[in-house]
Amino acid sequence: RDKLFTSKFWQSLMAQLGTNHKLSTAFHPQTDGQTERLNQTLEQYLRSYVNHQQDNWVQLLLLAQFAYNSATAESTKISPFFANHGWQPEAYKIPRKDNIQAEQAILEAEKIRSLQHQLATDIQFMNERSAAYANKKRSMEPGFKRGDKVYLLRKHIKTKRPSTKLDFKKLGPFKILDKVSAVNYRLQLPKNSRLHPVFHVSLLEPAKGGTPVATDTELQPENELVEYEVEAILDRRI
Numbered sequence: 498r499d500k501l502f503t504s505k506f507w508q509s510l511m512a513q514l515g516t517n518h519k520l521s522t523a524f525h526p527q528t529d530g531q532t533e534r535l536n537q538t539l540e541q542y543l544r545s546y547v548n549h550q551q552d553n554w555v556q557l558l559l560l561a562q563f564a565y566n567s568a569t570a571e572s573t574k575i576s577p578f579f580a581n582h583g584w585q586p587e588a589y590k591i592p593r594k595d596n597i598q599a600e601q602a603i604l605e606a607e608k609i610r611s612l613q614h615q616l617a618t619d620i621q622f623m624n625e626r627s628a629a630y631a632n633k634k635r636s637m638e639p640g641f642k643r644g645d646k647v648y649l650l651r652k653h654i655k656t657k658r659p660s661t662k663l664d665f666k667k668l669g670p671f672k673i674l675d676k677v678s679a680v681n682y683r684l685q686l687p688k689n690s691r692l693h694p695v696f697h698v699s700l701l702e703p704a705k706g707g708t709p710v711a712t713d714t715e716l717q718p719e720n721e722l723v724e725y726e727v728e729a730i731l732d733r734r735i
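So the sequence shown is residues 498 to 735, counted in my numbering.
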């Protein structure tokens, strides 16, 4: 959501090139939830198995990566590895107990295989818990339709009032112009607003039908720098 990508020039350029330019919602920039979820899962792995000094996470990262790619996904019912290659890998085969194999090597192989199995079990549990939490949270979120009036939580939003602590907790109400996605809505903000008008449902609260719509509230993001609209490029240098 950098200002370079939200300017009228950039949006016009994307339209000329036929690019579907999708911006993240204000103060809820979850544009790549799959990657964010993967990073959280790997962090949970490392947090559970890293030593006290936390200096062995690099060695554990490959095991965590293998366990994640080998675990069955709840949505597809197959593992990422199987989806890419068409077969499920074996982590470590049962060690051979012959005279050539050293006892220490057998113990180390069994230790790694046990850890790999535990990681696969943990990721299955975390996926199920995350899905249950997300579904429960989504079911509690209110559903809005076009024309509804909603309050906007004043989170990361700056007004002209001098004291933030004494300012309103909610702004608006504002009218919903359309539903952008299952959880994002476009609001009819005042003309002098500097905010991107699309917000996540978690930032919205329903307003009573007879409540007048706010039209004179000046809104801008916190810690906003002065922005200028580029009118023309006079010269260039390589």
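Beta carbons are placed, not taken as given, at the ideal position from N, Cα and C, and that holds for glycine.
Problem set entry | Contacts around residue 624, its chain only, beta-carbon distance under 6 Å, and the 5 residues preceding and following it disregarded | 571
Exercise. Would you call the CB atoms of residue 681 and residue 697 closer than 8 Å?
Worked result: yes
Exercise. DSSP state of residue 504, grouped into three classes?
Worked result: coil
Exercise. Which residue comes first and which comes last in the alpha helix (DSSP H) that contains residue 555?
Worked result: 554-567
For this session: Would you decide whether residue 622 is buried or exposed? Buried here means 16 or more other CB atoms lie within 10 Å of its CB.
Result: exposed
For this session: Tell me where the beta strand (DSSP E) around residue 696 begins and ends.
Result: 695-697
Exercise. DSSP on residue 649, reduced to helix/strand/coil?
Worked result: strand
Problem set entry | Per-residue DSSP class, three states only, for residue 577 | helix
Problem set entry | DSSP beta-bridge partners of residue 682 | 676, 696
For this session: Can you tell me which of the three DSSP states residue 702 falls into?
Result: strand
Exercise. Just the Cα atoms here: how many angstroms apart are residue 665 and residue 675?
Worked result: 25 Å
For this session: Write down the C-beta distance between residue 564 and residue 617 rounded to the nearest angstrom, noting that I regard them as a contact closer than 8 Å.
Result: 5 Å
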